[in-house]
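Under the numbering used here, the sequence shown has 1048 at position 14, and the numbering climbs by one with no breaks.
Glycine included, C-beta positions come from ideal geometry on N, C-alpha and C.
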Amino acid sequence: MSTHTTAAAGVQVCSLKRDTPQTVPANSPYTVIRFPFGSAESSDRFTMHQVNQPDGYVITDWDNDPRSGLIWPSVAGWGTLYAMIQWEAGNYDELRDQFVRDPLGLTPNPNDTTATEHRPPSPGMQCWTKSWGIFVDPSVPLAVRATHDDSVARKIVLAEFKLVIHEAA
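Listed below in structure tokens is the structure:
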């Protein structure tokens, strides 16, 4: 088992992986991709993805609670976000994904989106990666969200979400 806990001075990392399907309803608004806690492929050495949330909320069912998709930055600084999303094959005209600060309205400035992409499908399974740099703050949680335009519910079959923070001097 790999521990994935390498961190250079001044760099903090949270790396999440979901390898069980998550259903996204047909014609739905953006859906926060949810991630388990403590999985072998995930790393949270700096406690940015915890069952006990920084605002006191406790997650009891990660697979059904959108708060399990949140990364709460451990420090302020320049963050690089990464995501990988794999959708099952479907009758899509468009797949959409985005990074978002405070997707659940927990701060005075909710739903601050960035790096929104609308993608045409490719043949077969849909596999996408993305990265984006933003300033992060410990009081503002981050998430990756996705949706589709198929007429039936579809599954994200594999997803990863990562944050690398370079602490501000």
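Is the CB-CB distance between residue i and residue j below 8 Å?
i, j, result
"I1119", "A1193", "yes"
"F1133", "W1166", "yes"
According to DSSP, is residue i helix, strand or coil?
i, result
"R1101", "helix"
"Q1084", "coil"
"E1075", "coil"
"R1068", "coil"
"I1168", "strand"
When you compare only the Cα positions, how much space is there between residue i and residue j?
i, j, result
"I1168", "T1094", "30 Å"
"T1037", "F1069", "Here T1037 scores only 45 on pLDDT, less than 50, and its place in the model is too uncertain to base an answer on."
"P991", "P1157", "The chain is shown from 1035 up to 1203; residue 991 falls before or after that span and cannot be answered."
"A1224", "D1078", "Nothing can be reported for residue 1224, as the shown portion of the chain is limited to 1035 through 1203."
"I1199", "S1173", "14 Å"
Closest to residue i by CA distance: which of the options is it?
i, options, result
"V1021", "P1175, V1045, P1100", "Residue 1021 is absent from the model: the chain starts at 1035 and stops at 1203."
"D1097", "G1090, T1081, T1065", "T1065"
"A1149", "C1161, E1201, V1045, A1180", "A1180"
Using only the heavy atoms of the ligand FMN, determine whether one of them is closer than 7 Å to the beta carbon of residue i.
i, result
"I1067", "Within the structure as shown, the ligand FMN is missing, as the structure has no ligands at all."
Entirely enclosed beta strand (DSSP E) segments - the stretch 1115-1165, minimum 3 residues: Segments of the beta strand (DSSP E) lying fully in the stretch 1115-1165: 1129-1135, 1146-1153.
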